[in-house]
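Mapping of the sequence shown onto our numbering: residues 1 to 270, in sequence order.
We put the CB at the ideal spot given by N, CA and C, even for glycine.
Owing to the predicted nature of the structure, the values given are computational and were not obtained by experimental measurement.
All remarks here apply to the structure that follows.
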Amino acid sequence: MSEVYFRVYTQAFRSGLVRALGKERWLLLTVLASYMDESGKCYPTQEQLAQDMGVSRYTVIRLIALLKDFTFNGKPIITVEKHGNGFNNNNVYSILPNALIAIFNGQVNNDTSNPGMLQPYNYLNGKTSQETNTNNIQLISNTTVSNDKELLKDGRAVATYFAHKYRETYNVNYSINWGRDGANGKKLLRIFTPDQLKDIIDVVLSEYEERWKNSKYPRPTLGQIASWLGNEAMALVEQVKEREARLEAAEQEQPQDVEAIMARLNRKKV
Numbered sequence: 001m002s003e004v005y006f007r008v009y010t011q012a013f014r015s016g017l018v019r020a021l022g023k024e025r026w027l028l029l030t031v032l033a034s035y036m037d038e039s040g041k042c043y044p045t046q047e048q049l050a051q052d053m054g055v056s057r058y059t060v061i062r063l064i065a066l067l068k069d070f071t072f073n074g075k076p077i078i079t080v081e082k083h084g085n086g087f088n089n090n091n092v093y094s095i096l097p098n099a100l101i102a103i104f105n106g107q108v109n110n111d112t113s114n115p116g117m118l119q120p121y122n123y124l125n126g127k128t129s130q131e132t133n134t135n136n137i138q139l140i141s142n143t144t145v146s147n148d149k150e151l152l153k154d155g156r157a158v159a160t161y162f163a164h165k166y167r168e169t170y171n172v173n174y175s176i177n178w179g180r181d182g183a184n185g186k187k188l189l190r191i192f193t194p195d196q197l198k199d200i201i202d203v204v205l206s207e208y209e210e211r212w213k214n215s216k217y218p219r220p221t222l223g224q225i226a227s228w229l230g231n232e233a234m235a236l237v238e239q240v241k242e243r244e245a246r247l248e249a250a251e252q253e254q255p256q257d258v259e260a261i262m263a264r265l266n267r268k269k270v
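Structure representation (structure tokens):
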């Protein structure tokens, strides 16, 4: 039996794609890639993904939704075809060429007829190329941010992280006012731990459109988080974590009834 590998093009790191994805979505993408066929399609169940990632099935469902909605340079990196209703685990995932991941058999393959076997992909012009066009790669942001929560140690770090997540969400740069935003960051660090604050910023940027958007404030600001939005977002973070904990406990007690558990836990919207 021949071995099948998948490779990650260096552009995925140099372009800022991996940084923009964050560690959770990147992990899901690479696990999906381990199931990818030559056409770029993947057929794992949610249980398989959860086992491979070492997380609960609810976490997998949440991350699939985030990865499906993620775009880089205005383009998605995966598509999801849903089969059935609710939290059905028979979805078909397609990893698109601009994810910069391909499978191969350990040898150089020049066949570009299948998306899963493509040569380096230039996602800026939508074409494959024998040359890696590093001169035209656009960075996701002009700020560098680590995923380590411990690095949110001062107001400047908080403002930088918020700007990074803002750029990831809206695909435009957040104009940092270091005096104002730095002060707001310091204020938040007096109220929340670095772990809590990063979770708060993540939730605000992912949920703002549906929960808090209004005509006066169509997009979030760090000032909003420092004044009132931080407490609301923290309450939501705690609800989600409690929900995940209940789901994990229920799965351990009755792993054969995951579908019923998910339906019951989702009757009440967080």
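In the structure shown, what three-state DSSP assignment does K198 receive? helix
Mapping DSSP to helix, strand and coil, what is I64? helix
Thinking A99 and I77 are a contact (beta carbons under 8 Å), I'd like their distance in whole angstroms, please. 4 Å
Is A102 buried or exposed, if buried means 16 or more other CB atoms sit within 10 Å of its CB? buried
Could you give the DSSP three-state label for E38: helix, strand or coil? coil
Could you check what DSSP says for N186 in three-state terms: helix, strand or coil? Per the sequence shown, residue 186 should be read as Lys rather than Asn. Note: K186 maps to helix in three-state DSSP.
Which one of N214, P218, F72 and T10 has the shortest CA to CA distance from N171? F72
Short check: CB of L188 to CB of A226, under 8 Å? yes
What residue does the beta strand (DSSP E) around F6 start on, and which one ends it? Y5 to V8
I'd like the span of the alpha helix (DSSP H) that includes V80, first residue to last. That residue, V80, is in no alpha helix (DSSP H); its beta strand (DSSP E) goes I78 to E81.
When L29, Y93 and G54 are compared against S39, the one with the closest alpha-carbon: Y93
For I201, count neighbouring C-beta atoms within 10 Å of its own C-beta (all shown protein chains included) and say buried if the count is 16 or more, exposed if not. buried
To the nearest angstrom, report how far apart A237 and K23 are at their CA atoms. Per the sequence shown, residue 237 should be read as Val rather than Ala. So the two alpha carbons sit approximately 18 Å from each other.
Grab the span of the beta strand (DSSP E) containing Y217 for me, first residue to last. Taken as a continuous stretch (DSSP letters only), Y217 belongs to no beta strand (DSSP E), as it is neither H nor E.
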